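In my numbering, the protein residues as written are 21 to 234.
All residues carry an ideal CB built from backbone N, CA and C; glycine is no exception.
Keep in mind it's a predicted model, so treat the numbers as computed, not measured.
Here is the structure:
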């Protein structure tokens with residue numbers, strides 16, 4: 021995340037230096053969306069991407085196609101969620117076929133490459149590979165009833181109810197795409213609100229900067 025943040029800062033500094041004025045106009049939503057995209061690419065898919073400088077890189081374009089719902093897509097999604105059997109009647113996929121193929125190939129090829137080269141990188145791809153092998157560290161940990169409090173919840177059901185679960189390729193790809201769904205818009209939106217509040221409250225902005233330096 022820090023590395024992706026450095027890319028964002030470098031991009032802004034470069035724009036300021038190249039500008040003929042003392043300021044630059046920034047589309048903050050686009051800025052934070054590209055940031056969240058690059059963080060997800062690194063944490064979930066093990067990729068190093070700079071969407072700030074490479075505006076139309078394939079990962080970003082494909083991510084946008086599966087997270088930007090049209091009105092028709094949203095309507096069909098609501099129907100299918102509320103009336104599941106409609107999915108069998110309507111030949112329709114929430115995610116475009118080309119994007120499905122792209123992400124499936126990306127996830128499976130990355131896993132294959134890591135297995136062949138014995139590459140270990142602490143990200144979601146690694147966790148999915150461990151899940152497929154049934155070797156998640158969670159599998160061997162038994163719950164400690166004495167440590168359970170009123171606010172304690174199980175972080176994962178893996179290793180408790182589904183020890184012998186067989187993970188298919190589609191299951192693994194779906195988990196990675198779900199990670200993308202969950203973070204792409206929510207992270208950028210949260211950052212937008214935070215930046216807006218910091219812009220309106222310079223004193224808070226200064227205090228935050230000081231705390232980061234410390």
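Inset, instruction - Work out the CA separation of residue 117 and residue 220 for me, nearest whole Å. - result: Taking the Cα positions, residue 220 is about 43 Å away from residue 117.
Inset, instruction - With DSSP as the reference, label residue 207 as helix, strand or coil. - result: helix
Inset, instruction - Give me the Cα-Cα distance between residue 107 and residue 207, rounded to the nearest whole angstrom. - result: 30 Å
Inset, instruction - Within 10 angstroms of the Cβ of residue 57, are there 16 or more other Cβ atoms? Answer buried if so, exposed if not. - result: buried
Legend entry - Outcome for residue 214 when other beta-carbon atoms lying within 10 angstroms are tallied against a minimum of 16: The residue in question, residue 214, is exposed, as its Cβ has fewer than 16 Cβ neighbours within 10 Å.
Legend entry - With 16 other Cβ atoms within 10 Å as the buried cut-off, status of residue 176: Interpretation of residue 176 is limited by its pLDDT of 46, a score under 50 that renders its predicted location unreliable; no figure is taken from the coordinates.
Inset, instruction - Count the C-beta pairs between the stretch 58-78 and the stretch 21-39 that are closer than 8 Å, then say yes if the count reaches three, no if not. - result: yes
Inset, instruction - Return the CA-CA distance between residue 224 and residue 41, expressed in angstroms with no decimal places. - result: 27 Å
Inset, instruction - Mind the definition here: the stretch 188-195 touches the stretch 41-55 only if three or more C-beta pairs lie below 8 Å; say whether that holds. - result: no
Legend entry - For residue 245, the three-state DSSP class (helix, strand or coil): As displayed, the chain neither begins before 21 nor continues past 234, which places residue 245 out of reach and without an answer.
Legend entry - Residues near residue 59 by beta carbon distance below 6 Å, same chain, minus five either side: 21 and 24
Inset, instruction - Using the Cα positions of residue 82 and residue 46, report the straight-line distance between them to the nearest angstrom. - result: Between residue 82 and residue 46, the C-alpha separation is close to 23 Å.
Inset, instruction - For the stretch 145-154 and the stretch 191-198, state whether three or more C-beta atom pairs, one from each stretch, are separated by less than 8 Å. - result: Remark: three or more beta-carbon pairs, one from each stretch, lie closer than 8 Å, so the stretch 145-154 and the stretch 191-198 are flagged as touching.
Inset, instruction - Let me know if residue 140 comes out buried or exposed under the rule of 16 or more other beta-carbons within 10 Å of its beta-carbon. - result: exposed
Legend entry - For residue 63, the nearest candidate out of 216, 211, 203 and 232 (CA to CA): Checking every option, the nearest Cα to that of residue 63 belongs to 203.
Inset, instruction - Determine the contact status of residue 93 and residue 126, defining contact as a CB-CB distance below 9 Å. - result: A distance of 9 Å or more separates the beta carbons of residue 93 and residue 126.
Legend entry - Separation of residue 231 from residue 112, as counted between CA atoms: 50 Å
Inset, instruction - Measure how close the beta-carbons of residue 65 and residue 196 come, nearest whole angstrom, since I'm counting them as under 8 Å. - result: 6 Å
Legend entry - Beta carbon of residue 200 nearer than 9 Å to that of residue 85: no
Inset, instruction - Would you grab the beta carbon distance between residue 145 and residue 131 for me? Rounded to a whole angstrom, and I think it's under 8 Å. - result: 6 Å
Inset, instruction - Determine the direct distance from the alpha carbon of residue 222 to that of residue 129, and round the result to whole angstroms. - result: 47 Å
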